[in-house]
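Asks: Dropping a structure here in C-alpha cells format, bear with me for questions.
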Amino acid sequence: MTNPADSSGTTYDLVILGGGSGGYAAALRAATLGKSVALVEKDKVGGTCLHRGCIPTKALLHAAEVADSARDGEQFGVRTTLEGVDMGGVNKYKDGVVDRLFKGLQGQLKARGITVIEGEGRLTSPTTVEVGGTTYTGRNVILASGSHSRSLPGLEIDGQHVIASEHALTLDRVPESAVVLGGGVIGVEFASAWTSFGTKVTIVEALPRLVPAEDADCSKTLERAFRKRKIAFKTGTPFESVKVVDNGVQVTVAGGEVIEAEVLLVAVGRGPNTAGLGFEEVGVALDRGFVTVDATLQTSVPGVYAVGDIVPGLQLAHRGFQQGIFVAEHLAGLAPTPIDEAGIPRVTYSEPEVASVGLTEEQARAKYGEVEILNYNLGGNGKSQILKTAGFVKLVRAKDGAVVGLHMVGSRVGELIGEAQLIYNWEAYPADVAPLVHAHPTQNEALGEAHLALAGKPLHFHD
Amino acid sequence: MTNPADSSGTTYDLVILGGGSGGYAAALRAATLGKSVALVEKDKVGGTCLHRGCIPTKALLHAAEVADSARDGEQFGVRTTLEGVDMGGVNKYKDGVVDRLFKGLQGQLKARGITVIEGEGRLTSPTTVEVGGTTYTGRNVILASGSHSRSLPGLEIDGQHVIASEHALTLDRVPESAVVLGGGVIGVEFASAWTSFGTKVTIVEALPRLVPAEDADCSKTLERAFRKRKIAFKTGTPFESVKVVDNGVQVTVAGGEVIEAEVLLVAVGRGPNTAGLGFEEVGVALDRGFVTVDATLQTSVPGVYAVGDIVPGLQLAHRGFQQGIFVAEHLAGLAPTPIDEAGIPRVTYSEPEVASVGLTEEQARAKYGEVEILNYNLGGNGKSQILKTAGFVKLVRAKDGAVVGLHMVGSRVGELIGEAQLIYNWEAYPADVAPLVHAHPTQNEALGEAHLALAGKPLHFHD
Amino acid sequence: EPVAVGNGSVHVLAKPPVRKLAKDLGIDLGAVAPTGPGGVITRADVEGHVAAPAAPAYE
Ligand SMILES: Cc1cc2nc3c(=O)[nH]c(=O)nc-3n(C[C@H](O)[C@H](O)[C@H](O)COP(=O)(O)OP(=O)(O)OC[C@H]3O[C@@H](n4cnc5c(N)ncnc54)[C@H](O)[C@@H]3O)c2cc1C
Ligand SMILES: Cc1cc2nc3c(=O)[nH]c(=O)nc-3n(C[C@H](O)[C@H](O)[C@H](O)COP(=O)(O)OP(=O)(O)OC[C@H]3O[C@@H](n4cnc5c(N)ncnc54)[C@H](O)[C@@H]3O)c2cc1C
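Note that the protein sequences, when read in sequence, are chains A, B and C. All you need for my numbering is the position in the first sequence, starting with 1, plus 16. All you need for my numbering is the position in the second sequence, starting with 1, plus 16. All you need for my numbering is the position in the third sequence, starting with 1, plus 1.
Spelled out as C-alpha cells, the structure:
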C-alpha cells in the first residue's frame, strides 16, 4: 500500500508512526475530520492490543470461564464435566476473534481513506517519517510506537521456558505449572486463566500486594479469592534468579526459596518503544525512555505529538484511543477537553475481576483530606449470589462532595465500570444516583445500593 | 410477631399491607427516617419477587447459562460436556439463593425495628388494617398487595399440565416439551431457560412480536436469536383452547393448528391483588382492578397510598422499591422528585438478554416528532465477539437533543442498563458521553461507541 | 438548552447531573453564571443561584 509518490511531493495533514490503539484511533478520528493521514506500521495495524494484548488475553480468559463453569456445574444443579482444554482449539477460537476484528479495522481504515504504509518508520525531522528509503511528510506527526514486554536485569526471556505475555499467548499446551513474575494486571490475568485450565500457578510479586496500583481493599479481596482458588502467591518477595533445567525452570526468590515450574512468565511491566527511532535526534525529550508531553499531548518538539504507551501513565488501549482522538481533534481546532487520567477506567479481567475509576482511598485522602468511604458487600446483591461470586463495591467520596473513586471486585464487575465512569467523570453526588433505583436483580444494582447507602438511604444494605 | 396490644392503642406512623418489593422498601426507608412501621404479610416477606419471581427465575436462567456453556464448550476450545440437568440440584441451588436473601431481608427488617405482622390483612378504614381480628392503626396506610398470575377466560390453571410461573419454578423435572402462552418477559425467560435445559419449546403470542412492549428492533433481534436457538414461536397467533390428555396437553391456536406438549405454561400477564381486601369499601378507586394514584402515589382516599404491581404501569420489583422509597420520603416531608416511569430500566434475562430504558423509537417519534437513531451492531464490539453473542445497542435521540431511549440485545447486556439509566435520567447528550472513552475490551464499550457515533465521532463503528 | 451548538463543535455548559439538579430545582441554566473551566456551570453555581437568585423579574 506504499504510495511511491510520497517522497516526491505529497504532504499529509498527519503522519502517524505506529498503527496500534493510539495511532489508529488518531488516524480514524482525523480522517473523519477531513484530514489526509498516513499511518506507518511495521507489523499489523491493531498493534499490541489487538494481536498480542487485550483481545487474545480476554479470549483466553473467556475460555477459562467456560472451563470453570463446566468444572463447577454441580453447584448449580447442572451435570457438566470438564474433560480438558484443547489449546489448539482455544488458539483457533482466539485467533478467529482477532482476525475478525483485524479485518474490521482494516476495512475502517480503508473506508476512511487512510493511507497505511507498511514498514519500519523513523522520525527524521519534526515533519517527516522515513520508511524504507521513502520520506513521508506531515504537517503534523504523531508518535505512537507503543511498548514491549520488559524484563529484569539479568533475566533473559528465551521464549521457551522463560516467556513473556506474547509467548504465553501462543503456547500449544497448558503448562502443568507456572511461576508468574509480577502480580500486576497482566500477571494476574494469566495466573487466573491458567489456573482455570489446570495449571498450578505461583505468583511472585516484589510489592506487598497483588494489583498494587489498585485500592488496597481490592488487593485484599482479590488475594482472598485467589487463595480460595488455590492460586499461590508470594507478595513482598523480590525475584532473585532463574535456572533453566531440562523439564522447566527453577526460580529462586528473595529469602532463598526455590520454586520449580514448567515455565516462568515474566510480567514485570512494559517499556516504551522509543529507542532507535530517531526521536532523540529530532529533539523529542524523553524521560526514562517515555516521551514527555504537555496537556495537549505535544512533545517537546512543536508539531510532534505522542499518544499511547510511550506517554507516561496508564498503559491501556482505551487511554490510547482517547489520546489519539484528543490529538486529532486538537489538531483540527476543536479544543477538546483535556483528559483526566484518573477518569480512565481500569479493569483486570481475572476471576474475580477488579474494576476501578477515579482515586483510591489513599489518593483521595491525600487530595481531599477528609473523605467518606462506603463498602457494599456483594453478599447483599442478589445477582452476585446467583453467580456465587464474592466481592464488593467501594465508593470514595470527598467529604460532602462528589464521588471521586469507585472500586469493585467480583465476577463480571468489569462491565459495571461504564456506569462508574460516568459517575466519576460527571462528578456526580451520591444523591444524584440514589433516586435512580437500579434494575433488579442485576449486579449494577450493587452500585445503586452503594450510592443509596452513601446518600444515607440504605435499601438492601448489608455490612 | 403479632403485637397483641395494637388494637388497644398503638398507632404506627405507617401500616403497610403487603411485604413484597414495594411494601418492604417503603418499610425500610420509613424506618430509616425514624418512623414506626407495621408491615402486614400473609406469606413471606420478600413477596413475589424474592420467592416466586425475580430471584428464582434468574437462578434458573443462570443454571441455563451453565448448561449452554458446557454444551458449547468446543467452540472455545474447551472440552466440556453437558450430561444433563438435575432439577433437584437446580432447585436446591435456587432455594439456597432465595433463603440467603430472605434471611438478609428479615434481618434488615428486624434491625430497623419494623413490626412484621403475620397474617392476612384487610383495609377497614383510611387508617386501619385488620389482621385476624386485631386492628392496626397507622397515621398513613400503604397498599402493597402485589399481583398474581392471570389466565385467559376459560383457561384453567391446574398446576400440573396447565401451569403458571409459580408452578414452573417448582417443577421436579425438565419437561420434554412445553407450550409457553405469552411472549412477554416471563414467557420468554422460561422459554429460554427450558430450551437451555433441553425442552422443546413453542411460544404462542397473540401480538405480532415477542417482547411486544420493547422497541420493535429488540423484538426482531430476539426473534432472530430464538430462531437460531430453535425456539419455535408463533406470533400474531391467539390461543384458542387446551385439552389435557394423558401425557400432557393439546393446545389449539387460532387457525386450528394443534400443538402437543408435556406442559402449557400460561404467562399472559399478572393481575393486581385488590379484590376482597376492603379497598373498595373504604373508597379506594380502582380502574380495571388496579389502584389509581396521583403523582405522589396517593390513592383516591387521602392518606392512603399504593405502590408496586397494584399501581398501573410496569410490573417490576425495582419500580416497587422506588415507589416504596418515594412514598416513605414523601410522607416524611422530603419532597422527593416524582418518578419518571420511562426512566425505570427494563431487563429481560433471556439468552440473549434484552435491556432498555427511556422511550422506544415509536414513542420518541410520537413525543418529539423528529428523532435521530443510531444502531451499533455488537459485531464491532470485541468483548461481544469473545462471548460469541450477536445483538446491538440502539440509541434514540430527540433531534439535536438528549438521548431519550437506549435499547440493547445480546448476552449479558442487562448489566449495561445501569449506565444507560444514568444517561437517560440525567438527560445526557451524546456529546457528554462521547469523550469518556470506555474500557477496552468490554461490552459497555458498545454504549460508548454508540454515543461516539451519534455525536458524529465514530471510532470502531460498523453498520 | 443546556447544550449550545456553535462553530461546528458542541459545547456542553454543565455536566449531566448538574443539569438534572438545575431542572429538579426549576432553575433555567441560562440564568446561571458559570465559574467552571471553559464556561461550564458547576454544581456550586447552581446551588449559589438558589441561595442568592439573580435580580428578581419584578422590581
Ligand atoms: C498481554 C497484554 C494484555 C493487555 N490487556 C489489555 C486490556 O485488556 N485492556 C487494555 O486497555 N489494555 C490492555 N493491554 C495494553 C494495551 O495493549 C496497550 O495499552 C495498547 O496496545 C497501547 O497502544 P499503543 O498504540 O500505544 O501501542 P501498541 O498497541 O503497542 O502499538 C504500537 C504499534 O506501533 C508499531 N511500531 C512500533 N515501532 C514502529 C516503527 N518504528 N515503525 C512502524 N511501526 C512501528 C508496532 O508494530 C505496533 O503495531 C494489554 C497489553 C498486554 C501486553
Ligand atoms: C416469574 C416472575 C419473574 C419476575 N422477574 C422479575 C425480574 O427479574 N425483575 C423485576 O424487576 N421484576 C420481576 N418480576 C416482577 C416482580 O416480582 C414484581 O413486580 C414485584 O414482586 C411486585 O412487588 P409488589 O410489592 O407490588 O408485590 P408482591 O411482590 O407480589 O408482594 C405482595 C405481597 O403482599 C402479600 N399480600 C397480598 N395480599 C395480602 C393481604 N391481604 N394481607 C397480607 N399480605 C398480603 C403477598 O403475600 C406478597 O408477599 C417477576 C415476576 C414474576 C412472576
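Glycine residues also receive a C-beta, built at the ideal position from the N, C-alpha and C atoms. Nothing here was measured: the structure is a model prediction, and the numbers come from that model.
(1) Which residues in the same chain as P328/A place their Cβ atom closer than 6 Å to its Cβ, once the five residues preceding and following it in sequence are excluded?
(2) If you follow the beta strand (DSSP E) that L187/B is part of, which residue opens it and which one closes it?
(3) For L76/A, count the other beta carbons within 10 Å of its own beta carbon; 16 or more makes it buried, fewer makes it exposed. Which is it?
(4) Classify A447/B: buried if its beta carbon has 16 or more other beta carbons within 10 angstroms, exposed otherwise.
(5) Determine which residues share a DSSP beta bridge with K250/B and list them.
(6) Tell me whether D479/B is buried or exposed, calling it buried when 16 or more other Cβ atoms sit within 10 Å of its Cβ.
(7) Can you give the beta carbon distance from G292/A to R166/A, rounded, assuming they're within the 8 Å contact cut?
(8) Chain A partners of P17/C, CB-CB under 7 Å?
(9) Taking contact to mean at least 3 C-beta pairs separated by less than 8 Å, is the region 137–157 of chain A in contact with the region 311–330 of chain A?
(10) State the start and end residues of the unbroken beta strand (DSSP E) segment that holds F255/A.
(11) Tell me whether N263/B is buried or exposed, calling it buried when 16 or more other Cβ atoms sit within 10 Å of its Cβ.
(12) By DSSP, does V101/B sit in helix, in strand, or in coil?
(13) Let me confirm a value: G62/A is counted as buried when at least 16 other C-beta atoms fall within 10 Å, else exposed. Which label applies?
(14) To the nearest angstrom, how far is the alpha carbon of K21/C from that of V429/A?
(15) Is I202/A near ligand 1, going by C-beta to nearest heavy atom under 7 Å?
(16) With a threshold of 6 Å on Cβ separation, who are the neighbours of V260/B within its own chain once the five nearest residues in sequence on each side are excluded?
(17) In chain order, which beta strand (DSSP E) runs of at least 3 residues are fully inside the region 287–337 of chain A?
(18) Give me the chain C residues within the contact set of T353/B, using Cβ-Cβ distance strictly less than 8 Å, ordered along the chain.
(19) If the criterion is Cβ atoms closer than 8 Å, does the pair V373/A and R413/A meet it?
(20) From E377/A to I360/A, what does the alpha carbon distance come to, in whole angstroms?
(21) Buried or exposed, going by whether 16 or more other CB atoms sit within 10 Å of the CB of V106/A?
(22) Are the beta-carbon atoms of P368/A and A311/A separated by less than 8 Å?
(23) Please report the straight-line C-alpha distance between L55/B and R362/B, rounded to a whole angstrom.
(24) What's the C-alpha gap between L422/B and L411/B?
(25) Shorter than 8 Å from the beta carbon of R45/B to some beta carbon of chain A?
(26) Is Q491/B near ligand 2, judged by its Cβ being under 7 Å from some heavy atom?
(27) What's the call for R304/A, buried or exposed, on a 16-neighbour Cβ count within 10 Å?
(28) With a cut-off of 8 Å, does the C-beta of G36/B fall near any C-beta of chain A?
(29) Is there contact here, the region 340–348 of chain B with the region 35–55 of chain B, by at least three beta-carbon pairs under 8 Å?
(30) Tell me the DSSP secondary structure of L49/B in three-state form.
(31) Can you determine whether any heavy atom of ligand 1 sits closer than 7 Å to the C-beta of N397/B, and answer yes or no?
(32) Taking Cβ-Cβ distances shorter than 8 Å, what residues in chain C pair up with D448/A?
(33) Whole angstroms are fine: how far does the CA of P457/A sit from the CA of H467/B?
(34) Classify N393/A as buried or exposed, calling it buried when 16 or more other Cβ atoms lie within 10 Å of its own Cβ.
(35) Between the alpha carbons of E48/C and L238/A, how many angstroms are there, rounded?
(36) Excluding the 5 residues flanking G199/B on each side, which residues of the same chain have their C-beta closer than 6 Å to its C-beta?
Replies: Walking through what the data contain:
(1) Residue mapping note: residue 328/A aligns to position 312 of the first sequence, counting from 1. Closer than 6 Å at the Cβ level, and outside the excluded window around P328/A, lie F306.
(2) Here residue 187/B refers to the residue found at position 171 when the second sequence is read from its first residue. Neither: L187/B is in no beta strand (DSSP E) and is coded neither H nor E.
(3) If you number the first sequence from 1, residue 76/A lands on position 60. Buried, because 16 or more other Cβ atoms sit within 10 Å of the Cβ of L76/A.
(4) Position 431 of the second sequence holds residue 447/B. The residue is buried, with at least 16 neighbouring Cβ atoms inside 10 Å.
(5) The residue labelled residue 250/B in the question sits at position 234 within the second sequence. Bridge partners of K250/B: V220/B.
(6) Looking up residue 479/B in the second sequence gives position 463. Bear in mind that a pLDDT of 49 at D479/B, under 50, signals an unreliable position, so the model cannot answer this.
(7) Along the first sequence, read from residue 1 onward, the residue named residue 292/A stands at position 276. Along the first sequence, read from residue 1 onward, the residue named residue 166/A stands at position 150. That pair is no contact at about 16 Å.
(8) Translated into the one-based positions of the third sequence, residue 17/C becomes position 16. The answer, in chain order, is W442.
(9) yes
(10) What you label residue 255/A is simply residue 239 of the first sequence in a count that begins at 1. From DSSP, the beta strand (DSSP E) with F255/A extends over 255–261.
(11) As a first step, residue 263/B must be located in the second sequence, where it is residue number 247. The residue in question, N263/B, is exposed, as its Cβ has fewer than 16 Cβ neighbours within 10 Å.
(12) Working through the second sequence from its first residue, we reach residue 101/B at position 85. Correct three-state label for V101/B: strand.
(13) Translated into positions along the first sequence, residue 62/A becomes position 46. Answer is buried; the Cβ neighbour count reaches 16.
(14) For this step, residue 21/C is matched to residue 20 along the third sequence. For this step, residue 429/A is matched to residue 413 along the first sequence. Straight-line Cα distance between these residues: approximately 27 Å.
(15) If you number the first sequence from 1, residue 202/A lands on position 186. Answer for I202/A: yes, Cβ within range of ligand 1.
(16) The residue labelled residue 260/B in the question sits at position 244 within the second sequence. The residues are H177.
(17) 320–322
(18) Residue 353/B sits at position 337 when you count from the first residue of the second sequence. Result: D25.
(19) What you label residue 373/A is simply residue 357 of the first sequence in a count that begins at 1. What you label residue 413/A is simply residue 397 of the first sequence in a count that begins at 1. No, the pair does not count as a contact, with Cβ atoms beyond the cut-off.
(20) What you label residue 377/A is simply residue 361 of the first sequence in a count that begins at 1. What you label residue 360/A is simply residue 344 of the first sequence in a count that begins at 1. Whole-angstrom Cα-Cα distance: 17 Å.
(21) The sequence position of residue 106/A within the first sequence is 90, counting from 1. Counting Cβ neighbours within 10 Å, V106/A comes out buried, since at least 16 surround it.
(22) What you label residue 368/A is simply residue 352 of the first sequence in a count that begins at 1. What you label residue 311/A is simply residue 295 of the first sequence in a count that begins at 1. Their beta carbons are not under 8 Å apart, which means P368/A does not touch A311/A by this criterion.
(23) Start at 1 with the first residue of the second sequence, and residue 55/B comes out as number 39. Start at 1 with the first residue of the second sequence, and residue 362/B comes out as number 346. For L55/B and R362/B, the distance between alpha carbons rounds to 28 Å.
(24) Translated into the one-based positions of the second sequence, residue 422/B becomes position 406. Translated into the one-based positions of the second sequence, residue 411/B becomes position 395. Spanning the two alpha carbons is a distance of roughly 5 Å.
(25) For the purposes of this step, residue 45/B is taken as the residue at position 29 of the second sequence. At least one chain A Cβ lies under 8 Å of R45/B.
(26) Examination of residue 491/B is not possible in this model, given that chain B is present from 17 through 479 alone.
(27) The residue you call residue 304/A lines up with position 288 of the first sequence. Counting Cβ neighbours within 10 Å, R304/A comes out exposed, since fewer than 16 surround it.
(28) Residue numbering aside, residue 36/B sits at position 20 when the second sequence is read from its first letter. Output row for G36/B: interface = no.
(29) yes
(30) Numbered from 1 along the second sequence, position 33 holds the residue referred to as residue 49/B. It is coil, neither helix nor strand.
(31) Numbered from 1 along the second sequence, position 381 holds the residue referred to as residue 397/B. Not under cutoff, so the answer is no.
(32) Mapped onto the first sequence, residue 448/A falls at position 432. What D448/A touches in chain C: P18, K21, L22.
(33) Translated into the one-based positions of the second sequence, residue 467/B becomes position 451. Translated into the one-based positions of the first sequence, residue 457/A becomes position 441. Those two C-alpha atoms are separated by around 26 Å.
(34) Here residue 393/A refers to the residue found at position 377 of the first sequence. Label assigned to N393/A: buried.
(35) Counted from its first residue, the third sequence places residue 48/C at position 47. Counted from its first residue, the first sequence places residue 238/A at position 222. Near 41 Å, if we compare the C-alpha coordinates of L238/A and E48/C.
(36) To locate residue 199/B, count along the second sequence from 1; it is residue 183. Once the five neighbours on either side are set aside, the close Cβ partners of G199/B are I219, E221, L226.
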